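Asks: Encoded as structure tokens, here's the structure I'll be asking about.
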Amino acid sequence: MEKAYDHTKYESKIYQLWELSNAFSPIVPKSKNERLLAKPFCIIMPPPNANDPLHIGHARFVAIEDILIRYHRMKGEVTLWLPGSDHAGIETQFVFEKKLKEQGKSRFDFDRDTLYKMIMEYVQTNTKTMHNQLRQLGASCDWSRHKFTLDPDIVQFVLNTFKKLYDEGYIYRGKRIVNYCPYCGTNFSELEVDYKETEDEIYYLNYGIINIATTRPETIFADVAVAVNPNDKKYSSLIGKIAVIPIIKREVPIIADVLVDPNFGTGALKITPAHSATDFDIGIKHKLPIISVLDDQGNMTNCPVEYLGLKANQARKKVVEDLETQGYLIKKELINHTVGHCYRCKGTIEPKVSEQWFVKIKELSQKAIKLIKDKEIVFPSRKYEKFAKNWLKNLRDWNISRQIVWGIQIPAFRCQKCLEWTITNGGTPQNCHFCKHDKFIQDQDTFDTWFSSGQWPYATLKTTNPGDFDFFYPTTIMNSSYDIIPFWIIRMIMLGFYETQKPPFKVVLVHGLVRDKHGIKISKSKGNVIDPIEMVEKYGSDALRMGLVWGANLDNDISLSEENIKGQRNFCNKLWNISRFVLATIPSKSIYKFQSSKPKTKNNSDKEILKKLANTVKKVTKLLDKYRLNEAAETIYSFIWKDFANDYLEKSKLRKVEAQPVLEYVLSISLKLAHPFMPFVTETIWQEMHKHSLEKNNLLINSSWPKD
RNA sequence: GGAUUUGUAGCUCAGCUGGUUAGAGCGCACGAUUCACAUUCGUGAGGUCGAUGGUUCGAGUCCAUCCAAAUCCACCA
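Residue 182 in my numbering sits at position 180 of the first sequence; the count goes up by one each step and never skips.
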């Protein structure tokens, strides 16, 4: 063995050794009796987006899940970690369009099929990179069961669920205000809109007998009413009377609604249902018509001819000029208010009325809440349980259509004759239910990516090996960072229970984000990005993994510094050198049987270290069962470095031959304890130890978890 | 406006159901050196656990109030 541990020499070889021995692929017991005795342990990996290399956040979840997986595998449970990748709808299409733009092209240069094929190729290349990166991180997942969200069998499940939801009355098509991005050409869910404080001009306008204030004068042509608060005394005499829209001189009613804030602007609000969410709600309540003055490209329409075709901000300028010359502009002032921006392209979101597919959420979310209340789904962290329940409680109907190509096209077919919709689970229908016509056009929209990933746990297990679903479902643990609880975790609970009448997982293990060494959020613009693969190459996978669980408990965000990773690299080297010391006196050619059971001894320092070892085993086991990975890691670190190396090993130098059995025993148990955290260095040492062993295929990964 | 969380050593953070002199890593100071390891070893400095009250035999831990900070959600004409 060399003087220092050089991870670059061993890591990829060790991973190959595991993969070739099928160590990651569980064998589901065939007979009923065997199955009753076997204990399943299953984690479905949150499928990384197939559009970019892995970032440090992925590395954290890989570390966490791999630690748990290896621990349970060593405990003898039938352990499956199922890897996957996510087509990640809008995200991926956006990343891809950025690449197109670099080549001076756009999505409008291609037809639907071509664009889809191009993105698919791009995604497949990325997926390969991602898989190799997962290998570099040491992920002991079962590659033979890998699934992709656009695998045909997965897609079929998603289509079936949509059809079932439709048949059972959970799906409807409705007019709603959606967050439309004219640049991206699609709408976004509420969660995908960033609200930013913006300084804008607000214009006070004369509407005949009443004055209003607005930041969007270009939409006055879409006004259908003026509303005041019913308790606002200064306007009570005007309710029911008529206001007049400037320039076009259209008469609209003055109505009363509690949603109007009497202290804002003039206390009177122009109602524009097509371009504002609040106005839309008020419009529905008062049965007002909807007039839209902006088309899908964000150009003016349904307005006087001089504004036709202008962009909203151009139109605004011109309208304001005209209002001023015609004497309708009373005053303008600057205000700070929040405006929705597209989280992808950062452009202004245009609230827009459009027809979308919705899932009725109430019943589904109530059942999900009940599963959590009944502890059928357990959140070890109280705060994230509250977070998830709170989200479920406040969910609104779920808009699942997106106006993009990259995704699963919605199986909704519109009859060309009567324009009614027919829903299938994939194929074009034979005849229209309503008029018997046989020509259809399929909806161009695709599903929200979370609608398909929300079905991930059962869709994957039902499409891998026969028997997987029965044995592994409900899965044991779902692990994710807290930021995708609203998008993903709660959707999986709702759809999983809807489809299987069982929770999709028993435990939701939520972890925090990775931050830089000062606790600052990592972002490209701040330049504090930590590339996991760079760290692996520099310090080794084991060091990075330890760094990612070290120092902060799972719930909280973790501050990761290169110094910390370096310190863990030093720990790997410490373990390496302990082994070098222990193995130094072993004859190198003959067959050697290592001390694998607890040695009998009368020596006091022997007894002391054996006792400390037993306590450490007990403590680490308990901590791992409670998901307190940071404390477990620290316990192992401190035992190996302080108790074993600095204390016992130093003392043993005077009596090396006599102490040899204890040294061997403590080393082998230490390797087992450390293996889930630092799989590469521990396996490398194990292989070194068993070079001349009689047992074939003696892999640490397959060994058993220590008991005392 | 609603919800959640945090405040412990210079920095980043552990400390689970309350129980001796409050811990780790990094950093800092001093010292050691052909020893398995300089990716090392030894010694040490450094904290009235955000503040004030309360419960208790006993509070970093539980309760109340206050101060400071963070995150998420809603609204903004």
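Even for Gly, the Cβ is constructed at its ideal location relative to N, Cα and C.
Note that the structure is predicted; figures quoted are calculated from it, not measured.
#1: Going by C-alpha to C-alpha distance, which of I250, V228, L675, N401 sits closest to I241?
#2: For G176, which beta-bridge partners are listed by DSSP?
#3: Could you give the distance in angstroms between the alpha-carbon of S191 and the alpha-carbon of N648?
#4: Under the rule that 16 or more other beta-carbon atoms within 10 Å means buried, what is L612, buried or exposed?
#5: Taking DSSP's pairing of strands, which residues face L296 in a bridge?
#6: Which value, in whole angstroms, describes the spacing of the CA atoms of H439 and N427?
#7: If I'm right that N632 touches W552 with Cβ under 8 Å, what's the distance once you round it to whole angstroms?
#8: Select from A258, P708, C305, K34 the residue whose C-alpha is nearest the C-alpha of P248.
#9: With a threshold of 7 Å on Cβ separation, who are the neighbours of W1 within its own chain once the five nearest residues in sequence on each side are excluded?
#10: Return the CA-CA distance between M122 and F596, expressed in angstroms with no decimal places.
#11: For the region 80 to 99 against the region 15 to 29, do three or more pairs of beta-carbon atoms, one drawn from each stretch, fall closer than 8 Å, so that the two count as touching?
#12: Whole angstroms are fine: how far does the CA of K523 sit from the CA of L366?
#13: Measuring alpha carbon to alpha carbon, tell me which of L167, K362, R346 ends up nearest P413.
#14: Run through the DSSP bridge pairs and tell me what F449 is partnered with.
#15: Return the first residue and the last residue of the alpha helix (DSSP H) that K98 is part of.
#16: Leaving aside the five residues before and after G456 along the sequence, list all residues of the same chain whose C-beta is less than 6 Å from its C-beta, in chain order.
#17: Which residue wins for smallest C-alpha separation from L556, given the options H9, H57, Y639, R62?
#18: In whole angstroms, what separates the C-alpha of K740 from that of H692?
#19: To the nearest angstrom, how far is the alpha carbon of Q299 from that of D472?
#20: What residues in its chain sit with their C-beta under 7 Å from that of I250, if we drop five residues either side in the sequence?
#21: Assign E199 to buried or exposed, taking buried as 16 or more other Cβ atoms, counted over all protein chains shown, within 10 Å of its Cβ.
#22: Would you mind stating whether Q135 and E13 have Cβ atoms separated by less than 9 Å?
#23: I'd like to confirm the pairing. Which residues does DSSP put opposite T149 in its beta bridges?
#24: Go to E378, then tell me how far its beta strand (DSSP E) extends in each direction, as first and last residue.
#25: State the CB to CB distance for the pair G549 and N575, rounded to an integer number of angstroms; the pair is presumed to be in contact (CB under 8 Å).
#26: Specify the secondary structure class of N558 as computed by DSSP and reduced to three states.
#27: Would you mind working out which of P255, V664, W578, Y629 sits nearest K614, comparing C-alpha positions?
#28: Considering T424, what are the terminal residues of the beta strand (DSSP E) in which it resides?
#29: Could you check what DSSP says for R493 in three-state terms: helix, strand or coil?
#30: Considering just the uninterrupted stretch of the alpha helix (DSSP H) at H9, what are its terminal residues?
#31: Could you give the first and the last residue of the continuous alpha helix (DSSP H) run that contains G569?
#32: Would D399 pass as a contact of G171 if the rule is Cβ separation under 9 Å?
#33: Measure from the alpha carbon of G140 to the alpha carbon of each residue in H288, P48, G342, F682, then state which is nearest.
#34: Three or more C-beta pairs under 8 Å: does that hold for the region 568 to 588 against the region 94 to 103?
#35: For S482, which beta-bridge partners are listed by DSSP?
#36: In the DSSP assignment, what residue or residues form a beta bridge with F190?
Replies: The structure says:
#1: On the first sequence, residue 241 is found 239 positions in, with the first residue counted as 1. Here the closest residue by C-alpha is V228.
#2: Translated into the one-based positions of the first sequence, residue 176 becomes position 174. G176 pairs with Q358.
#3: Walking along the first sequence from the start, residue 191 turns up at place 189. Walking along the first sequence from the start, residue 648 turns up at place 646. Distance between the alpha carbons of S191 and N648 is about 57 Å.
#4: For this step, residue 612 is matched to residue 610 along the first sequence. Classification of L612: buried, given that the 10 Å Cβ count is 16 or more.
#5: Working through the first sequence from its first residue, we reach residue 296 at position 294. According to DSSP, which records beta bridges pairwise, L296 is partnered with M302.
#6: For this step, residue 439 is matched to residue 437 along the first sequence. For this step, residue 427 is matched to residue 425 along the first sequence. C-alpha separation (whole angstroms): 19 Å.
#7: Mapped onto the first sequence, residue 632 falls at position 630. Mapped onto the first sequence, residue 552 falls at position 550. Yes, they are in contact, since the Cβ atoms of N632 and W552 sit about 6 Å apart, within 8 Å.
#8: Taking the first sequence and counting its residues from 1, one reaches residue 248 at position 246. Taking only the C-alpha atoms, the option nearest P248 is C305.
#9: Not covered by the structure: residue 1. The range shown for the chain is 3 to 710.
#10: For the purposes of this step, residue 122 is taken as the residue at position 120 of the first sequence. For the purposes of this step, residue 596 is taken as the residue at position 594 of the first sequence. Looking at the two C-alpha atoms, the distance is approximately 52 Å.
#11: yes
#12: Your numbering for residue 366 matches position 364 in the first sequence. Your numbering for residue 523 matches position 521 in the first sequence. About 34 Å.
#13: Your numbering for residue 413 matches position 411 in the first sequence. Considering only alpha carbons, the answer is L167.
#14: Counted from its first residue, the first sequence places residue 449 at position 447. S403, per the DSSP bridge assignment.
#15: Residue 98 sits at position 96 when you count from the first residue of the first sequence. The identity of residue 98 in the sequence shown is Phe, whereas the question assumes Lys. Where F98 is concerned, the enclosing alpha helix (DSSP H) stretches over 91 to 104.
#16: Within the first sequence, residue 456 is the residue found at index 454, counting from 1. Here the set comprises R493, M494, L497.
#17: As a first step, residue 556 must be located in the first sequence, where it is residue number 554. Selected option, being the one with the closest Cα: R62.
#18: Residue 740 lies beyond the range of the chain shown here (3 to 710); nothing can be said about it.
#19: For the purposes of this step, residue 299 is taken as the residue at position 297 of the first sequence. For the purposes of this step, residue 472 is taken as the residue at position 470 of the first sequence. Their Cα atoms are separated by approximately 49 Å.
#20: Along the first sequence, read from residue 1 onward, the residue named residue 250 stands at position 248. The residues are F223, P306.
#21: What you label residue 199 is simply residue 197 of the first sequence in a count that begins at 1. Exposed: under 16 other Cβ atoms inside 10 Å.
#22: In the first sequence, counting from the first residue as 1, residue 135 sits at position 133. In the first sequence, counting from the first residue as 1, residue 13 sits at position 11. Contact: no.
#23: Translated into positions along the first sequence, residue 149 becomes position 147. Here residue 149 is Lys; the residue named in the question, Thr, does not match the sequence. DSSP output for K149 lists G86 as bridge partner(s).
#24: The count along the first sequence starts at 1 and reaches residue 378 at position 376. No beta strand (DSSP E) contains E378, which DSSP labels as neither H nor E.
#25: Taking the first residue of the first sequence as 1, we reach residue 549 at position 547. Taking the first residue of the first sequence as 1, we reach residue 575 at position 573. G549 to N575, Cβ: 15 Å. No contact.
#26: Position 556 of the first sequence, counting from 1, holds the residue named residue 558. N558: coil per DSSP, three-state reduction.
#27: Translated into the one-based positions of the first sequence, residue 614 becomes position 612. K614 has its Cα closest to that of V664, out of P255, V664, W578, Y629.
#28: Position 422 of the first sequence, counting from 1, holds the residue named residue 424. Note, T424: beta strand (DSSP E), 423 to 425.
#29: The residue you call residue 493 lines up with position 491 of the first sequence. It is helical.
#30: Translated into positions along the first sequence, residue 9 becomes position 7. Element bounds for H9: 9 to 22.
#31: Position 567 of the first sequence, counted from the first residue, corresponds to residue 569. Unbroken alpha helix (DSSP H) run through G569: 564 to 585.
#32: The residue you call residue 399 lines up with position 397 of the first sequence. The residue you call residue 171 lines up with position 169 of the first sequence. Going by C-beta atoms, D399 is not nearer than 9 Å to G171.
#33: Residue 140 sits at position 138 when you count from the first residue of the first sequence. Closest option to G140, Cα to Cα, is F682.
#34: no
#35: Here residue 482 refers to the residue found at position 480 when the first sequence is read from its first residue. Answer is V512, bridged to S482.
#36: Along the first sequence, one-based indexing puts residue 190 at 188. F190 is bridged to N181.
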